[in-house]
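Visitor:
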Amino acid sequence: MVAIAAWLAVTHAPGWHSARETFFSGHSFRHDGPGIAKALLVDLEILAIAEPCILLLALIVATMRTSVGPMLAPLRIGAALYVDLFRGCPMIILLILFGVGIPSLGVHHVTNSAAVWGTTAIVLSYSAFVTEVFRAGILSVHPSQRAAARSLGLNPRQTMRLVVLPQAVRTVVPALLNDFVSLQRDVGLIFIVGGVVDAVSKATIANEETFNFTPYVIAAILFILIAVPSGRLADRYNLRAYQRQQAGGAV
Amino acid sequence: MSGPVLEVRNVHKHFGDVAVLNGVDLTVAEGQVVVLIGGSGSGKSTLLRCVNLLEVVTDGEIVLDGQEITDPRVDPDAVRRRIGVVFQAYNLFPHMTALRNVALAPRVVGGLSREVADQRARELLARVGLADKASSYPDRLSGGQQQRTAIARALANEPRLLLLDEVTSALDPELVGEVLDLIGELKASGTTILMATHEMGFARRVADQVCFLADGVVAEAGTPEQVLDAPEHPRLKQFLSRVLAH
């Protein structure tokens, strides 16, 4: 109902005829579509590199943040600062600082690739969020599980690796999948650093040539399409977890 | 080995201003079952946690096989390998099968190969009557089966001492028997046990010594007959009349 109303409102708006040509140009779909689709592979490549790095880094920082004992206080403080810094900073600014700023320093023996530093910015920003997801998972494991593991003679690291983390990760898989979908579209922000021709930057180039905005619509459709499988995967996982919990009875 | 397995000497444990243990003395000889009784909050669990070094004692010393384990230089992980613990709420690892639960410590702590650790775990599960449940996850086991798995897990390091903290308190009444029977079998096979329990009938049948904890000290100790049938301490009389009244 709402969708039909919105559709009618848009198509009956006074400016619809010129807007249709500006945002939904058939010529642009045919002319720019293939190039943008190909450039999307760059986004997928960044995604494929960034996601494992994010998970690994977040797991390490979350482990530091949840460490116990006065000796490890520096780890906890460092981890908390990391989260505050990279979670608080808008990702687009982080991208500019890393992807534009660091290459401009021209440091020897260090890559000046905007793609590498842009990806680094994405990893740092996202892992700050994912750290908190992992931390919530770790804290959700009941202390009695630690007590049981330590009573068997497992040291703190073995307890973390074999008893706490496996349970924590299981708990937060839905949240991780949600963040993964979010990352799928946010990798497109890397266009801001320049020099990385991903789908968004390809659309920008096309837009600057013709002043037509259809390329952005094409990129948006592509990003939505790649988000669908991950969304369904998350749904399936959540349903399975729900059914497992309901195994005892149906309410 | 000569000498007692466990000696608790004048142990104090304070949490802030609250003194939970106020000078506990206790000895557990080889092959003995020593039962701790007392009201809730009397310090039974705290004492067991101190013996397992899950709590740091405020004062006093605890000696395991002649070694003072409350010495700060002692590696607590090495001490805990020599002590098996079973908790009231089982505390099995829910993401592992019964077999993995039992085989974990022998493999990770004992350094056994997976095959040897699994073999030992199978033997232990058979010993607690759960040979056919090796590949079951804890949430598919009854409370009694979970607690018997937890006992098998606690035995996996071949501990010198087994600590049982109200291991039947969370069980349905009809499941209590299977766990108590198992503990009786462990005693028969020579396992040294220190346990907190509310099962007075069991204490009477199986205990070599019963210790009544009140106000953070062992207020009265002796054979089950002495402590349960001829109590002297007024607090013990009061406690027994409440426990045995129903």
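Protein sequence lines correspond, in order, to chains R and G.
192 is the number that the working numbering gives to position 192 of the first sequence; each next residue is one higher, with no gaps.
Counting the second sequence from 1 gives a position; the working numbering is that position plus 1000.
By construction, the Cβ of each residue, glycine as well, lies at the ideal position given by its N, Cα and C atoms.
The structure presented is a predicted model; accordingly, all values stated were derived computationally and were not measured.
Would you report the Cα separation of Leu44 (chain R) and Leu1175 (chain G), rounded to the nearest angstrom?
Guide: Computed Cα separation, rounded: 56 Å.
Visitor: Cα separation between Ser127 (chain R) and Leu59 (chain R)?
Guide: 9 Å
Visitor: Answer with yes or no whether the minimum CB distance from Arg1081 (chain G) to chain R is below 8 Å.
Guide: yes
Visitor: Is Ala227 (chain R) near Val172 (chain R), with beta carbons less than 8 Å apart?
Guide: No, these two residues do not count as a Cβ contact at 8 Å.
Visitor: Indicate whether at least one CB of chain R lies closer than 8 Å to the CB of Pro1173 (chain G).
Guide: no
Visitor: Where are the alpha helix (DSSP H) runs, 4 residues long or more, that stay fully inside the stretch 116-156 of chain R, in chain order?
Guide: 143-151
Visitor: Can you list, in chain order, the residues of the stretch 1093-1123 of chain G whose Cβ is nearer than 8 Å to any Cβ on chain R?
Guide: Phe1093, Pro1094, His1095, Leu1104, Ala1105, Val1108, Val1109
Visitor: Would you call the stretch 1179-1196 of chain G and the stretch 1148-1167 of chain G touching, i.e. three or more CB-CB distances under 8 Å?
Guide: yes
Visitor: Verify the CB distance criterion: does Asn1091 (chain G) have a CB-CB separation below 8 Å to chain R?
Guide: yes
Visitor: Could you say if the stretch 1143-1160 of chain G and the stretch 1082-1090 of chain G meet the contact criterion of at least three C-beta pairs nearer than 8 Å?
Guide: yes
Visitor: Where does Glu1220 (chain G) fall in DSSP's three states?
Guide: strand
Visitor: In the structure shown, what three-state DSSP assignment does Gly1144 (chain G) receive?
Guide: helix
Visitor: Can you list the residues of chain R that Asp1077 (chain G) reaches, using a CB-CB cut of under 8 Å?
Guide: Think of a sphere of 8 Å around the beta carbon of Asp1077 (chain G): the chain R residues whose beta carbon falls inside it are Arg150, Gly153, Leu154, Asn155, in chain order.
Visitor: Let me know the secondary structure DSSP gives Ile1069 (chain G) once reduced to three states.
Guide: coil
Visitor: Within 10 angstroms of the Cβ of Gly1041 (chain G), are there 16 or more other Cβ atoms? Answer buried if so, exposed if not.
Guide: exposed
Visitor: Thinking just about the alpha-carbon of each residue, which of R:Met1, R:Leu8, R:Phe23, R:Ile46 is nearest to the one in Asp186 (chain R)?
Guide: R:Ile46
Visitor: Using C-beta distances below 6 Å, list every residue in its chain close to Val163 (chain R), excluding the 5 sequence neighbours before and after it, in chain order.
Guide: Gln145, Ala149
Visitor: CA-CA distance, Phe1261 (chain G) and Leu81 (chain R)?
Guide: Coverage of chain G is limited to positions 1001 through 1246, which leaves residue 1261 (chain G) absent and any answer about it impossible.
Visitor: Mind pulling the chain G residues with CB within less than 9 Å of Val163 (chain R)?
Guide: Result: Phe1093, His1095, Met1096, Leu1104.
Visitor: Could you give the distance in angstroms between the alpha-carbon of Val251 (chain R) and the alpha-carbon of Leu176 (chain R)?
Guide: With a pLDDT of 46 at Val251 (chain R), under the threshold of 50, the modelled position of that residue is not reliable, and the figure given next carries that caveat. If I take the Cα positions, the gap works out to 27 Å.
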